[in-house]
Ligand code: GCU
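Residue numbers (this note's numbering): 2 to 595.
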């Protein structure tokens with residue numbers, strides 16, 4: 002009973018925080034809570050944090066279920082709902098100096114390198130509330146390119162302080178760890194996972210962490226990838242490395258999320274999109290049961306469109322999580338309006354949600370007043386949480402929910418136009434950036450803007466845009482078929498055959514899997530070159546139509562948010578043109594020779 006009381010106080014408090022935020026910092030959280038709401042516990046309900054709503058009565062088995070149900074009631078839900086995944090986790094790529102890798106909305110809400118830094122607990126409470134309102138129940142507090150310092154006493158203490166703030170909202174904390182930490186911190190001469198001293202070091206560390214944070218979630222690890230240390234440094238496998246950490250966490254119920262985003266190590270020189278399968282498939286069945294392999298949705302790197310990553314087909318005895326990227330590293334960052342739910346739903350149409358035990362999303366949250374840089378980028382945080390709760394929801398339903406809660410616009414015609422803009426925005430982005438299966442033709446390093454001719458002799462070739470289209474006077478695209486790099490052979494049927502044959506390969510993946518002459522005719526009757534031009538132009542036209550919709554929405558939206566989105570749309574219109582003009586000019590030097 003006492004617990005329930007505390008909980009009700011918490012609910013009222015959350016109401017206050019939502020009310021207090023009627024400024025640019027507003028999220029989708031609505032304040033019109035019905036005053037006759039009844040909350041009740043029913044221990045016969047399924048054993049999870051689901052809820053049942055009937056009228057204004059919310060019933061759940063757990064207190065978290067009641068909290069989730071209360072937010073569901075606010076968004077107008079009725080009936081019963083249960084979380085599809087147990088693990089619904091944000092991954093913050095926040096560095097301990099306060100900067101954020103691929104962060105476009107200001108510095109970290111968790112870290113700052115000043116020794117005077119104190120946590121902003123009201124900000125973190127609002128963050129936690131926002132996460133809880135969409136069912137997110139875990140957060141990794143630091144970058145996968147992790148500083149070994151995270152495991153020092155000082156930082157464990159800070160993790161504990163954050164955990165204490167987030168806990169009432171059902172959010173468990175995790176950290177990314179640097180595999181080389183025992184050595185990097187100067188405690189040992191090695192980080193070899195089979196060395197007993199190393200194993201003991203991690204066991205002691207786990208004990209220290211759990212003493213401070215009894216409900217600590219576990220570790221996320223990027224090993225032997227892009228310069229990070231890992232088990233290969235000692236001639237060991239990823240399984241050796243992951244299992245050693247898993248053993249240390251096991252007594253406390255912790256998990257290891259081991260990333261499959263590896264390239265340029267053991268299989269250097271192989272087609273980059275094949276390397277994860279080459280490295281991990283033979284390890285299937287060799288991981289402890291508290292290891293989860295975490296893989297990006299596509300086999301390359303969060304491009305606006307990729308075919309699904311075939312590693313999801315290969316690991317049948319290993320628990321798997323998908324890693325989606327909410328921060329739009331390759332989708333216009335916080336400057337472009339791109340609603341990502343359709344991209345994630347596309348992934349789920351290839352990889353059945355049942356194959357996964359959880360979902361991770363690389364967060365787009367920072368200290369900016371509006372949290373995400375672009376007001377519409379909040380919709381991606383929202384959509385991530387909703388899909389992690391229920392991957393069967395449609396992009397359309399999620400957009401509708403978000404729009405209603407965020408802008409509360411009364412005109413249904415405007416709402417449906419805004420929804421249509423959101424739903425078309427990802428395809429528009431693909432069109433003005435990289436249609437027909439083109440990929441990775443971004444400017445170096447920061448990945449904002451086009452650079453199809455990009456080449457640097459001192460960079461690994463797989464960082465150079467020219468490697469990804471190989472355009473010459475005859476043809477364009479990469480032959481990844483069975484007679485090329487063989488990437489198509491990593492797919493299950495029917496995709497293997499479908500993608501392998503240039504005549505059956507869906508045109509949206511054509512240049513990803515095949516190298517074709519500029520003069521090849523496509524379904525539209527146009528040549529490849531003409532079709533590219535059509536898509537680039539279409540993408541620009543789509544963004545222009547978004548700008549018109551936004552003008553029409555003006556009476557519905559508060560002045561500040563309207564203007565801020567308007568400014569970004571103007572930028573996006575210019576940037577879409579830049580993409581089109583740079584890419585078509587570059588490719589024309591080859592195509593026009595035909
Ligand atoms: C991309 C991204 C990096 C990131 C890496 C990863 O390559 O550009 O910033 O560290 O992915 O996911 O590990």
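For every residue, glycine included, the Cβ atom is placed at its ideal position computed from N, Cα and C.
Distance CB(residue i)-CB(residue j) smaller than 7 Å
| i | j | result |
| --- | --- | --- |
| residue 327 | residue 381 | yes |
| residue 348 | residue 309 | yes |
| residue 52 | residue 80 | no |
| residue 253 | residue 211 | yes |
| residue 279 | residue 312 | no |
| residue 180 | residue 149 | no |
| residue 473 | residue 85 | no |
| residue 344 | residue 295 | no |
| residue 136 | residue 386 | yes |
| residue 455 | residue 512 | no |
| residue 375 | residue 426 | no |
| residue 93 | residue 142 | yes |
| residue 480 | residue 516 | yes |
| residue 604 | residue 359 | Because the chain spans 2 through 595 in this model, residue 604 falls outside it and cannot be assessed. |
| residue 368 | residue 108 | yes |
| residue 170 | residue 213 | no |
| residue 110 | residue 124 | yes |
| residue 232 | residue 242 | yes |
| residue 167 | residue 129 | yes |
| residue 433 | residue 581 | yes |
| residue 60 | residue 43 | yes |
| residue 679 | residue 340 | Past the boundaries of the shown model lies residue 679; the chain is included only from 2 to 595, so the question cannot be answered. |
| residue 50 | residue 66 | yes |
| residue 540 | residue 429 | yes |
| residue 172 | residue 140 | yes |
| residue 102 | residue 144 | yes |
| residue 99 | residue 113 | yes |
| residue 342 | residue 256 | no |
| residue 469 | residue 441 | yes |
| residue 548 | residue 574 | yes |
Those residues which DSSP pairs with residue i across a bridge
| i | result |
| --- | --- |
| residue 259 | 222 and 294 |
| residue 451 | 443 |
| residue 518 | 476 |
| residue 322 | 295 and 359 |
| residue 415 | DSSP lists no partner for residue 415. |
| residue 55 | 58 |
| residue 42 | 61 |
| residue 528 | 522 |
Proximity test, residue i beta-carbon vs ligand 3 heavy atom, cut-off 6 Å
| i | result |
| --- | --- |
| residue 445 | This structure lacks ligand 3; its bound ligands are ligand 1. |
Rounded Cβ spacing between residue i and residue j (contact assumed at less than 8 Å)
| i | j | result |
| --- | --- | --- |
| residue 592 | residue 530 | 4 Å |
| residue 147 | residue 177 | 4 Å |
| residue 305 | residue 431 | 5 Å |
| residue 453 | residue 587 | 4 Å |
| residue 557 | residue 377 | No, residue 557 and residue 377 are not in contact; Cβ-Cβ is about 14 Å, not under 8 Å. |
Residue-chain proximity (residue i, chain B), Cβ-Cβ < 7 Å
| i | result |
| --- | --- |
| residue 82 | Protein chains in the displayed structure number just one, and chain B is not present. |
Identify every run of the beta strand (DSSP E) within the stretch 150-203, keeping only runs that are complete inside it and at least 3 residues long; order them along the chain.
Within the stretch 150-203, the complete beta strand (DSSP E) runs of at least 3 residues are 173-178.
Give a yes or no on contact between the stretch 236-255 and the stretch 184-202, applying the rule of three or more CB pairs nearer than 8 Å.
Contact between the stretch 236-255 and the stretch 184-202 is present, because at least three Cβ pairs lie under 8 Å.
The stretch 240-252 touching the stretch 288-305, judged by at least three CB pairs closer than 8 Å
For the pair of segments examined, the stretch 240-252 was found to touch the stretch 288-305: the number of CB pairs separated by less than 8 Å reaches three.
Is it the case that the stretch 349-366 contacts the stretch 312-329, given that we only count it when at least three CB pairs across the two stretches are under 8 Å?
Because the criterion of three Cβ pairs below 8 Å is met, the stretch 312-329 and the stretch 349-366 touch.
The stretch 491-501 contacting the stretch 463-471, beta-carbon criterion three pairs below 8 Å
Short answer: they don't touch.
Can we say the stretch 508-524 touches the stretch 447-454, given the rule of at least three CB pairs closer than 8 Å?
Contact between the stretch 508-524 and the stretch 447-454 is absent, because fewer than three Cβ pairs lie under 8 Å.
Inter-stretch contact at 8 Å, needing at least 3 Cβ pairs: the stretch 54-74 / the stretch 408-423
The stretch 54-74, when compared against the stretch 408-423, does not touch it at the 8 Å Cβ threshold.
Runs of alpha helix (DSSP H) wholly within the stretch 76-159 (minimum 4 residues, chain order):
For the alpha helix (DSSP H) assignment, the uninterrupted runs of no fewer than 4 residues enclosed by the stretch 76-159 are, from N- to C-terminal side, 122-134.
Residue ranges of each alpha helix (DSSP H) run of no fewer than 4 residues wholly in the stretch 533-594, ordered along the chain?
Segments of the alpha helix (DSSP H) lying fully in the stretch 533-594: 560-592.
Please determine if the stretch 482-493 and the stretch 262-279 are in contact, where contact requires at least 3 C-beta pairs separated by less than 8 Å.
The answer is yes - the stretch 262-279 touches the stretch 482-493, with three or more Cβ pairs under 8 Å.
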